[in-house]
Amino acid sequence: MHDVMIIGSGPAGLSAAVYAARAQLDVLLLESQPMGGGQILNTYEVDNYLGLPGISGFELSQKFMEHIKKFGIEPVTEEALRVECQGAVKKAVTAKQEYEARTLIYAAGSVHRPLGVPGETEFAGKGVSYCAACDGAFFKDKTVAVVGGGDVALEDALLLARICKKVYLIHRRDAFRGAKLLAHRVKETGNIELVLEAKVEEILGDGVVSGVRVFHKKKGETETLAVDGVFAAVGTLPRTELLSGQVEMDGDGYIIAGESCRTSADGVYAAGDVRAKAFRQVITAACDGANAVMDIERRLLG
Ligand SMILES: Cc1cc2nc3c(=O)[nH]c(=O)nc-3n(C[C@H](O)[C@H](O)[C@H](O)COP(=O)(O)OP(=O)(O)OC[C@H]3O[C@@H](n4cnc5c(N)ncnc54)[C@H](O)[C@@H]3O)c2cc1C
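809 is the number that the numbering used here gives to position 241 of the sequence shown; each next residue is one higher, with no gaps.
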């Protein structure tokens, strides 16, 4: 029986692991992927994490992993397939065994949101991608489209502009949601063409992507852009299905928990991108992990 079971080794889970180890709590950290670090593992650059400007996502994730290992924590590479939140003993079942703990910190993060248009599933991995940092190099000197208007879409467009001949940035509104600095850089980049107030209707191709059909809302016209790749960056969906029906969630499936990260189930905490909150960043995820453990510390140690 562990004191704390953490599911997920992104910034939230890893930060929780550091705080728990320092509080002398017995920690079990479950991570489904062989390399911990979460979403930042595939992020080209993280420029807004305090004290480490311009660090690559991979390097930052390795620093986080080194930090937990310094405290003797080794993640168990197993995916939680079922979780039991009710009762005094919290359980997680993997393909190999069942684990038990007095408290659970659920930090399973989020995954990309699909565009939901014809052609997307058909051409996934054949020109349709959700990770510019992972797949950008395959499109060297080619023409691609990025879809979205937040930070990730702007960052993806900038990254791809360094590799590709041309980048269309397609956004359904007339202004970007992302950081002003990034939007400014995008507008200053010669090989990025903005396609604003436009909606992607279909991804076209024959075996691989050859174009994207967009509908210009203002003009009421449809246009086909010839592209070799489409990078979707339209937000994320929380990975909270394992806790469905066991803790309170909002309409979008984010777990409702305050700053302490306590959920509606006693002894169960939600940290990082899975929690209903305004901003989802590395630093806010790490902050959740710390808060959850400090609350657990009070609870377990009085
Ligand atoms: C392309 C991109 C660029 C970004 N750039 C920045 C940036 O520059 N700055 C910034 O601050 N933020 C950035 N973010 C956001 C940031 O990465 C996230 O907010 C942060 O990673 C959330 O951390 P987390 O620990 O909640 O979840 P995640 O990082 O998603 O980690 C969750 C972990 O849980 C594991 N997991 C999931 N389900 C299970 C299960 N059932 N069993 C076991 N393990 C499981 C996953 O494998 C994963 O490792 C970016 C995100 C993306 C996608």
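Think of the CB as a built atom: it goes at the ideal place given N, C-alpha and C, for glycine as much as any other residue.
{"Query": "Candidates Gln814, Leu869, Val798, of which the one nearest Pro686 by Cα", "Result": "Val798"}
{"Query": "First through last residue of the alpha helix (DSSP H) which encompasses Ser629", "Result": "625-638"}
{"Query": "Residue of Leu805, Glu809, Glu770, Gly803 minimising C-alpha distance to Thr792", "Result": "Glu770"}
{"Query": "Option in Arg670, Val586, Lys658, Val614 with minimal Cα separation from Leu869", "Result": "Arg670"}
{"Query": "Any non-hydrogen atom of ligand 1 within 7 Å of Gln814 CB", "Result": "no"}
{"Query": "N-terminal and C-terminal residue of the beta strand (DSSP E) that Asp774 is part of", "Result": "766-774"}
{"Query": "Exposure of Val679, with buried meaning 16 or more beta-carbon neighbours within 10 Å", "Result": "exposed"}
{"Query": "Proximity test, Gln592 beta-carbon vs ligand 1 heavy atom, cut-off 7 Å", "Result": "no"}
{"Query": "Ser624 beta carbon near ligand 1 (any heavy atom closer than 7 Å)", "Result": "no"}
{"Query": "Any non-hydrogen atom of ligand 1 closer than 7 Å to Glu668 Cβ", "Result": "no"}
{"Query": "C-alpha gap between Arg830 and Pro602, whole angstroms", "Result": "28 Å"}
{"Query": "C-alpha gap between Arg807 and Val842, whole angstroms", "Result": "7 Å"}
{"Query": "Beta-carbon proximity of Leu722 to Ala751, cut-off 8 Å", "Result": "yes"}
{"Query": "Alpha-carbon to alpha-carbon, Leu609 and Gln849", "Result": "14 Å"}
{"Query": "8 Å contact criterion, which Ile823 and Ala838 should meet: CB distance rounded", "Result": "4 Å"}
{"Query": "Element boundaries [alpha helix (DSSP H), containing Gly564]", "Result": "Absent from the structure is residue 564, since the part of the chain shown begins at 569 and ends at 870."}
{"Query": "Beta strand (DSSP E) runs contained entirely in the region 796-866, provided each spans 3 or more residues", "Result": "797-800, 804-806, 836-838"}
{"Query": "Beta-carbon spacing of Ile636, Leu582 below 8 Å", "Result": "yes"}
{"Query": "Stretch pair the region 569-577 + the region 589-604: three plus CB contacts closer than 8 Å", "Result": "yes"}
{"Query": "When Ala701, Ala825, Gly819 are compared against Ala800, the one with the closest alpha-carbon", "Result": "Ala701"}
{"Query": "Validate contact between the region 738-745 and the region 657-671 using beta carbons, cut 8 Å, 3 pairs", "Result": "no"}
{"Query": "Gly779, DSSP secondary structure in three states", "Result": "strand"}
{"Query": "C-alpha distance - Lys845 paired with Ile731, whole-angstrom precision", "Result": "35 Å"}
{"Query": "Nearest to Val861 (by Cα), restricted to the options Pro579, Asp571, Ala584", "Result": "Ala584"}
{"Query": "As assigned by DSSP and simplified to three states, the class of Glu647", "Result": "coil"}
{"Query": "Ranges of the beta strand (DSSP E) found wholly within the region 697-755, counting only runs of at least 3", "Result": "711-715, 734-739"}
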